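*Asks:*
In my numbering, the protein residues as written are 4 to 481.
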């Protein structure tokens, strides 16, 4: 029975992540970049300034807490194990395509997060929003919004948590020899203590963990690269040559480089799947563009900074294998070692002795645990849409989430990643199509923000002036 389910999930995943998905994500990124006038370049300094704004409310979290929660959710195992997977299955050239989809995805992230803010509402006194709300309110398609909510609930509450847990338990077993069931039980217990405290407790926890763990990981990457400084020029050349088939060894897998670069790029930064909008809608702010710009920055941090740090450590130390896609190996520097977290551990071990196992295990625990907190909140947001004002629904969501978090302990790595990919892919299809249809509203929000800034104002959002309908009067509460 389980083999039949696994075969079905694999077939569905291959269908969801076929060539049309690649074209959709890249095409949407280019489209939004052009329509928004390259906002990821023009407003890059503004993104950092907005991050430090201290808006507070009893109904939501601060801009920095929303940023920390999304970064914590995005800088999970996708930025460590996912990058290693891209290198193994797509070669070093996959890293270039991860960069490309991340830069384009910054504009996509702006649109979905700004729309999430514009059409947010309140549930149990807390701000909530996301694709399901702007699909219903802006497009007027309740059924479409419900479809996204159901898919997102299944993805975030059922399909994706296992990948985080699997990475935690395997890295802890490798570093400390701790039984996977013990680690899995501890993770679920600690998670339960936090998620039953709501978005504010999640935001406060992420506010502490996300900056600390990201900075520590980046510093480790800089140290490893410094110890292998003489190899950096050839490594960078290898990435670019492999991306376009100019490196003979990888010329036959250019398609895989593009496919896995895009797939793992989206899995790591989540641009386009709507999760950024789900969390950013809980933030307090005077204008939706503010959270849009902050969430665009989170894409940069996740993939361009942390993802690059991981890839450089792996490539500069040669701690990787590359598959030919047919069961053989083009490069086999680590015989018998499964792709994923273990590549990163080995990269650090090669430079710093046996320290890699311990450092990566602790890093993965912090990264993945913060991801799990964010996933649970987002699953709850979708459950609140499916069953409005249902406290039982929120409780059941938390219990189910803990069950499927433990699921990562009892499954194989390959199957766990396939489940996660399927969940993310389904959300991307539904959300990207919706925000393409709502691109005019996204442009209006950005232009209104820019116009007020040019007049020397701190932008304040009035949806009525832009023809954006929000029946709850949320924006009149300031």
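Backbone N, C-alpha and C define an ideal beta-carbon position, used for all residues, glycine too. On a predicted model such as this, the values are computed, not experimentally measured, just so you know.
Could you tell me which of 442, 168, 111 and 435 sits nearest to residue 185, measuring between CA atoms?
*Replies:* Within the chain shown, numbered from 1, the residue matching residue 185 stands at position 182. Answer by Cα proximity: 168.
*Asks:* For the 8 Å Cβ check, are there 3 or more pairs between the stretch 168-180 and the stretch 354-363?
*Replies:* yes
*Asks:* In chain order, what residues of the same chain lie with their CB nearer than 6 Å to the CB of residue 152, ignoring the 5 residues before and after it?
*Replies:* Counting from 1 along the chain shown, the entry for residue 152 is found at position 149. Counting only Cβ-Cβ distances below 6 Å, and skipping sequence neighbours, we find 135, 385, 388 and 389.
*Asks:* State buried or exposed for residue 111, treating a residue as buried only when at least 16 other CB atoms are found within 10 Å of its CB.
*Replies:* Counted from its first residue, the chain shown places residue 111 at position 108. Classified as buried, residue 111 has 16 or more neighbouring CB atoms from the shown chains inside 10 Å of its CB.
*Asks:* Please report the straight-line C-alpha distance between residue 54 and residue 286, rounded to a whole angstrom.
*Replies:* Your numbering for residue 54 matches position 51 in the chain shown. Your numbering for residue 286 matches position 283 in the chain shown. Roughly 12 Å separates the two Cα atoms.
*Asks:* So, at 7 Å on beta carbons, what are the nonlocal neighbours of residue 272 in its own chain, with the 5 sequence-adjacent residues on each side left out?
*Replies:* The count along the chain shown starts at 1 and reaches residue 272 at position 269. Closer than 7 Å at the Cβ level, and outside the excluded window around residue 272, lie 77, 105, 108, 302, 305 and 306.
*Asks:* Can you check the stretch 282-366 for any alpha helix (DSSP H) of at least 4 residues that lies completely inside it and give the ranges in chain order?
*Replies:* 291-302, 311-320 and 344-355
*Asks:* Please classify residue 251 as buried or exposed, where buried requires at least 16 other C-beta atoms within 10 Å of its C-beta.
*Replies:* What you label residue 251 is simply residue 248 of the chain shown in a count that begins at 1. Note on residue 251: under 16 other CB atoms within 10 angstroms of its CB, so exposed under the neighbour-count rule.
*Asks:* Quick one: which unbroken beta strand (DSSP E) runs of 3-plus residues sit fully inside the stretch 405-448? Chain order, please.
*Replies:* none
*Asks:* How should residue 33 be labelled, buried or exposed, when 16 other C-beta atoms within 10 angstroms of its C-beta is the threshold for buried?
*Replies:* Here residue 33 corresponds to residue number 30 of the chain shown, with the count starting at 1. So residue 33 ends up on the exposed side.
*Asks:* Could you please give me the residues that DSSP links to residue 126 through a beta bridge?
*Replies:* Counting from 1 along the chain shown, the entry for residue 126 is found at position 123. Answer by DSSP bridge pairing, in chain order: 129.
*Asks:* Between the alpha carbons of residue 156 and residue 432, how many angstroms are there, rounded?
*Replies:* Taking the first residue of the chain shown as position 1, residue 156 is located at position 153. Taking the first residue of the chain shown as position 1, residue 432 is located at position 429. Roughly 15 Å separates the two Cα atoms.
*Asks:* Taking the alpha-carbon positions, what's the residue 316 to residue 325 distance?
*Replies:* Counting from one through the chain shown, the residue named residue 316 turns up at place 313. Counting from one through the chain shown, the residue named residue 325 turns up at place 322. Going by the C-alpha atoms only, they are around 16 Å apart.
*Asks:* Select from 314, 99, 434 and 457 the residue whose C-alpha is nearest the C-alpha of residue 86.
*Replies:* Within the chain shown, residue 86 is the residue found at index 83, counting from 1. Nearest C-alpha to residue 86: 314.
*Asks:* Taking 6 Å as the limit between beta carbons, can you name the residues of its chain near residue 2, skipping five residues before and five after?
*Replies:* The structure shown has nothing for residue 2, since the chain only spans 4 to 481.
*Asks:* Could you check which residue in 459, 23 and 174 has the C-alpha nearest to that of residue 366?
*Replies:* Within the chain shown, residue 366 is the residue found at index 363, counting from 1. Checking every option, the nearest Cα to that of residue 366 belongs to 174.
*Asks:* Along the chain, where does the alpha helix (DSSP H) that runs through residue 188 open and close?
*Replies:* Position 185 of the chain shown holds residue 188. Note, residue 188: alpha helix (DSSP H), 183-198.
*Asks:* Helix, strand or coil, according to DSSP, for residue 10 in the structure here?
*Replies:* What you label residue 10 is simply residue 7 of the chain shown in a count that begins at 1. Residue state, collapsed to three classes: helix.
*Asks:* If you compare alpha carbons, which of 100, 161, 364 and 318 is closest to residue 247?
*Replies:* Translated into positions along the chain shown, residue 247 becomes position 244. Checked all of 100, 161, 364 and 318; the closest Cα to residue 247 is 100.
*Asks:* From this set, 44, 451, 45 and 18, which residue's C-alpha is nearest residue 460's C-alpha?
*Replies:* By one-based count along the chain shown, residue 460 stands at place 457. Of the candidates 44, 451, 45 and 18, the one whose C-alpha sits nearest the C-alpha of residue 460 is 451.
*Asks:* Pick out whichever of 98, 130 and 97 has its Cα sitting closest to the Cα of residue 477.
*Replies:* Counting from one through the chain shown, the residue named residue 477 turns up at place 474. Ranking the options by Cα distance to residue 477, first place goes to 130.
*Asks:* Just how far apart, CA to CA, sit residue 2 and residue 312?
*Replies:* This structure cannot speak to residue 2, because the chain is shown only from 4 to 481.
*Asks:* Quick one: complete alpha helix (DSSP H) runs, 4+ long, within the stretch 86-130?
*Replies:* Segments of the alpha helix (DSSP H) lying fully in the stretch 86-130: 97-121.
*Asks:* Thinking residue 291 and residue 448 are a contact (beta carbons under 8 Å), I'd like their distance in whole angstroms, please.
*Replies:* The residue given as residue 291 occupies position 288 in the chain shown. The residue given as residue 448 occupies position 445 in the chain shown. Indeed they touch by this definition, with Cβ atoms about 5 Å apart.
*Asks:* With distances taken between CB atoms, is the gap from residue 267 to residue 22 smaller than 8 Å?
*Replies:* Against the chain shown, residue 267 aligns to sequence position 264. Against the chain shown, residue 22 aligns to sequence position 19. Contact flag unset, no.
*Asks:* Determine the direct distance from the alpha carbon of residue 94 to that of residue 344, and round the result to whole angstroms.
*Replies:* Residue numbering aside, residue 344 sits at position 341 when the chain shown is read from its first letter. Residue numbering aside, residue 94 sits at position 91 when the chain shown is read from its first letter. Approximately 16 Å between the Cα atoms of the pair.
*Asks:* Below 7 Å CB to CB, which residues in the same chain sit around residue 62 once its five sequence neighbours on both sides are set aside?
*Replies:* The residue labelled residue 62 in the question sits at position 59 within the chain shown. Confidence in residue 62 is poor, its pLDDT being 43 and thus under 50, which makes the residue's placement unreliable; the coordinate value appears in the next sentence. These residues qualify, in order along the chain: 125, 128, 129 and 130.
*Asks:* Going by alpha carbons, who is nearest to residue 242 out of 159, 319, 166 and 233?
*Replies:* Taking the first residue of the chain shown as position 1, residue 242 is located at position 239. If we check each option's Cα against that of residue 242, 319 comes out closest.
*Asks:* Okay, do the stretch 330-339 and the stretch 139-152 touch, 3+ Cβ pairs below 8 Å being the bar?
*Replies:* no
*Asks:* Please classify residue 51 as buried or exposed, where buried requires at least 16 neighbouring CB atoms within 10 angstroms.
*Replies:* As a working mapping, residue 51 is identified with position 48 in the chain shown. With fewer than 16 Cβ atoms within 10 Å of its Cβ, residue 51 is classed as exposed.
*Asks:* Counting only the same chain and skipping the five closest in sequence on each side, list residues whose C-beta sits under 7 Å from that of residue 9.
*Replies:* On the chain shown, residue 9 is found 6 positions in, with the first residue counted as 1. So the qualifying residues of the chain are 418.
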